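Taken in order, the sequence shown gives residues 10 to 84; the numbers are from the working numbering.
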Amino acid sequence: MTPKARLLTEQRRRSVLDLVDQEGQVTVADMVRRFSISAVTARNDLDALASIGAVVRSHGGAVRRLEATQDYPLR
10 MTPKARLLTE QRRRSVLDLV DQEGQVTVAD MVRRFSISAV TARNDLDALA SIGAVVRSHG
70 GAVRRLEATQ DYPLR
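Here it is as structure tokens:
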């Protein structure tokens, strides 16, 4: 991947994270429309973001990762 392509990928993934933060979720179809990318590229982006824990993959998209604010002991 060229440095320019890498930069575009990083910018798009940041935009996806912003979208997930605002809307709580994003779908592959929505990414295809918004960013003019293929479904394969959208899925690859979501997989990459999920691998670093930024989002949680769901069927056809991803949702915001919920942060645990309190530990709940199981008894």
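Cβ atoms here follow ideal geometry from the backbone N, Cα and C, with glycine treated the same way.
It should be emphasised that the depicted structure is a prediction, and the values quoted were computed from it without experimental measurement.
Here R66 really is in contact with L55; their C-beta atoms are around 6 Å apart, less than 8 Å. Here the alpha carbons of V41 and D30 stand approximately 18 Å from one another.
Nearest to G70 by alpha-carbon distance, out of Q20, M10 and A51, is A51. A48 and R22 have their C-alpha atoms some 14 Å from each other. By the C-beta density criterion, L58 is buried, having at least 16 other C-beta atoms within 10 angstroms. For T11, the secondary structure class from DSSP, reduced to helix, strand or coil, is coil. Judged by beta-carbon spacing, L16 lies beyond the 8 Å limit of A63, meaning their Cβ atoms are not closer than that value.
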